[in-house]
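Undergrad: Sequence positions in the sequence shown follow my numbering and run -6 to 612. Built from N, CA and C at the ideal position, the CB exists for glycine as well. Since we're looking at a predicted model, the values are computed, not measured.
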Amino acid sequence: MRRGAAPRSENADRFYYREEQVFEKPFDWNQLKRLGAFLVPYLRYVILAGIAMLGVTVTRLAVPWLMAQAIDTALESEVRFTRWTQWLEPYARTDRLFILVGAMLAVYLVNWLANYAQIRLTSWVGQRALYDLRTKIFAHVQSLSMRFFDTRPAGSILVRVTNDVNSLQDLFTNGIISALQDVLTLVGIILIMMSMHLKLSVVIFAFLPLMMVTTVRLRTRVRHGWQRVRIQRSRLTAHLAEAIQGVRVTQAFSQQEPNKDFFADMNVEVRKTWMDTIRLNAWFNPIVEIMGALGTAVVYWYGTRILQGGGITVGVLVAFVTYVGQFWEPILRLTQLYGNVLVAMASSERIFEYLDTKPTVPEKPDAQPLPPIRGEVELDNVTFAYEEGRTALRGVSLKVNPGETVALVGHTGAGKTSIINLLSRFYDVNEGAVRIDGVDVRDVTLESLRRQIAVVLQDTFIFSGTIMDNIRYGRLDATDEEVIAAAKAVRAHDFIMRLPHGYQTEVRERGSRLSMGERQLISFARALLADPRILVLDEATASIDTQTELLIQEALAELLKGRTSFVIAHRLSTIREADKIVVLDHGQIVEMGTHEELMARRGVYYNLIQAQFKFFEAG
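#1: Spell out the partners DSSP gives residue 585 in its beta bridges.
#2: Please give me, in chain order, every unbroken run of the alpha helix (DSSP H) with length at least 4 that falls completely inside the segment 416 to 484.
#3: From residue 287 to residue 195, what distance separates their C-alpha atoms?
#4: Please report the residue range of the beta strand (DSSP E) in which residue 326 lies.
#5: DSSP three-state call for residue 270: helix, strand or coil?
#6: Cβ atoms of residue 315 and residue 97: under 8 angstroms apart, would you say?
#7: Under three-state DSSP, which class holds residue 31?
#8: Would you list the residues sitting across from residue 559 in a DSSP beta bridge?
#9: What are the residues that DSSP puts in a beta bridge with residue 500?
#10: Check residue 288 in the structure and name its three-state DSSP category.
#11: Measure from the alpha carbon of residue 466 to the alpha carbon of each residue in 602, 484, 434, 517, then state which is nearest.
#12: Just verifying my parser: in three-state terms, what is the DSSP assignment at residue 361?
#13: I'd like the list of long-range same chain contacts for residue 534, defined as Cβ closer than 6 angstroms, with 5 residues on each side in sequence excluded.
#14: Do you know offhand how far residue 343's Cα is from residue 154's?
#15: Do you know how far the Cα of residue 42 is from the Cα of residue 410?
#16: What is the DSSP secondary structure of residue 373, reduced to helix, strand or coil?
#17: Thinking residue 216 and residue 263 are a contact (beta carbons under 8 angstroms), I'd like their distance in whole angstroms, please.
#18: Please tell me whether, using a cut-off of 7 angstroms, the distance from the CB of residue 343 to the nearest non-hydrogen atom of the ligand GTP is below it.
#19: Across which residues does DSSP place residue 383 in a beta bridge pair?
#20: Could you tell me the alpha carbon to alpha carbon distance between residue 489 and residue 463, rounded to whole angstroms?
#21: Of the choices 453, 47, 246, whose alpha-carbon is the least far from that of residue 511?
#22: With a Cβ-Cβ cutoff of 8 angstroms, do residue 400 and residue 571 count as a contact?
#23: Would you call the segment 308 to 323 in contact with the segment 170 to 186, where contact means no fewer than 3 C-beta pairs closer than 8 angstroms?
#24: Taking Cβ to Cβ, would you say residue 402 is nearer than 8 angstroms to residue 598?
#25: How long is the line joining the alpha carbons of residue 184 and residue 190, rounded to whole angstroms?
#26: Which first and last residues belong to the alpha helix (DSSP H) in which residue 486 is found?
#27: By Cβ distance below 6 angstroms, which residues in the same chain neighbour residue 170 in space, the five residues on each side in sequence not counted?
#28: I'd like to know if the segment 155 to 162 and the segment 109 to 126 are in contact, where contact means that at least 3 CB-CB pairs between them fall below 8 angstroms.
#29: Buried or exposed: which applies to residue 168, given that a residue is buried once 16 or more other Cβ atoms fall within 10 Å of its Cβ?
#30: By alpha-carbon positions, which one of 367, 301, 336, 434 ends up nearest to residue 375?
#31: How long is the line joining the alpha carbons of residue 56 and residue 260, rounded to whole angstroms?
#32: Under a Cβ-count criterion, where at least 16 other Cβ atoms within 10 Å of its own Cβ denotes burial, should residue 232 be classed as buried or exposed?
#33: Buried or exposed, going by whether 16 or more other CB atoms sit within 10 Å of the CB of residue 513?
#34: Use the C-beta contact count for residue 246: other C-beta atoms within 10 angstroms, 16 or more gives buried, fewer gives exposed.
#35: Tell me, which residues are paired with residue 391 by DSSP?
#36: Kindly indicate which residue of 347, 604, 419, 187 has the alpha-carbon position closest to the one of residue 145.
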């Protein structure tokens, strides 16, 4: 590992490869059909866009043909009337010329209108489909169980909802319509050129294999180059985000220079790959243009000889050359579109992987809403493991009466957080049952269960927005007066009013402008506003000043009043005031009782308290 580089585990490297390097997948009709399902609600507009596309294609193909008729008419060449132009034969040359020029202007106008309609319709449909897809994946991710989030970095989830969805934009916006347009254009040009002069057409078609091989190979190399740029830029961004988050540690250990050097090395790699790709891309258009010019030159040379022999007219030759110029464009676009489709296949596979993920804590089909509860909680011989082979709780049985406060005590990894997770049914037990008022939590709807349980986590999360909005998150229909009353009850009102705009003060994500104690008080107000019958509290371990400590103790007393409460306790004052102390060790309840009872036993609890006293004395 380079100096200044943040350590990265082998698992993280595998994650980077899986998330960042798998950019293309083979063409998959099933995935394309699943993506197409997002266009079905807007089928009427897709059809209208298809009609507009036909208008663009037909008018574009008509222009060179009309131009040929006009040139031959102007030069008094022999005009070969077809069944489409027989109606012009009775007109004089000048009149025919005016009619043809007028027809060309009309075709240009129709082309412009059809093109405008196509762009508007395809953009509207594409953005609607993307909106639906984003909404669906966001709603689905929110419905997934905690195990899903515990096993995936937040960054990978963010990539799925944003970057992977955005990578489908071209496919949704104009991919399908453009592909049809290019195919129809190619077929139309081929048929028109063959009807004009078969031998000249064969000459042009002879260049097609060489053009296809060259463009596909070069386009593939350019596409892979941009993929390498994206990989390196993603890693650069990840390192930058990590460096910003850990800037205090960097400065504390004076690692600014090594960190800067490591960032510079990554930046150089990005620049080098970018420039290599730019140089490769710079060759693409000139090569295509040279090959197109070579084909055009051959057409002029061979066409002139045919013209001298009277085989074609000047107008037909000019129109033929124009069609040759148009011939290469759809081919190039189709090769590029195919590459985009392969990228879209990889993105859609990652998106559908999430959409196909089922919650590990599902609701039963016959689940009933949990009626208003008294707050009796029972854990009946509960065994639970986050993953196979790592049991977090073994045969835990516990009964808590309504209104009791239970302090959960134990070393890290003893199983305290596991009990909290099972109460809110973030996870399901492997054996046994969790009951509230005698009802198994697996038999009721998740929403009705969680509406009657409030969770206050140790790492208090503050959302971007106002203080008022953050407290109201506990109950969105609460009035301003109810929010303020909750803040007053938990002693948060005074510090809020000292902020620049009081309750309307904007706070950043995670509440970086607020102290640890202030964030705790806001989370208490949020929980109190929800007015739960059961409160789950993971007490913060961070050191705070004495005055804030007193405020928090008063707020906590108000919050716990009259509620069944489970507290992962770290403060001795909270532990002492609990109705029941549950001591956990290696996933089992080893002691239970009041503070005085457990201290008298001189067991595990006694040793934990003595260790805490020694820690504070040493501090």
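TA: If we stick to the structure as given:
#1: 575
#2: 439 to 443, 460 to 465, 473 to 482
#3: 15 angstroms
#4: First-last for residue 326: 307 to 348, but that is the alpha helix (DSSP H), not the beta strand (DSSP E).
#5: helix
#6: no
#7: coil
#8: 399, 529
#9: 458
#10: helix
#11: 517
#12: strand
#13: Here residue 534 scores only 48 on pLDDT, less than 50, and its place in the model is too uncertain to base an answer on.
#14: 10 angstroms
#15: 55 angstroms
#16: strand
#17: With 8 angstroms as the limit, residue 216 and residue 263 do not qualify as a contact, their Cβ atoms being about 17 angstroms apart.
#18: Although the ligand GTP was asked about, the structure shown includes no ligands whatsoever.
#19: 380
#20: 12 angstroms
#21: 453
#22: yes
#23: yes
#24: yes
#25: 10 angstroms
#26: 486 to 490
#27: 42, 46, 115
#28: yes
#29: buried
#30: 434
#31: 50 angstroms
#32: buried
#33: buried
#34: exposed
#35: 372
#36: 347
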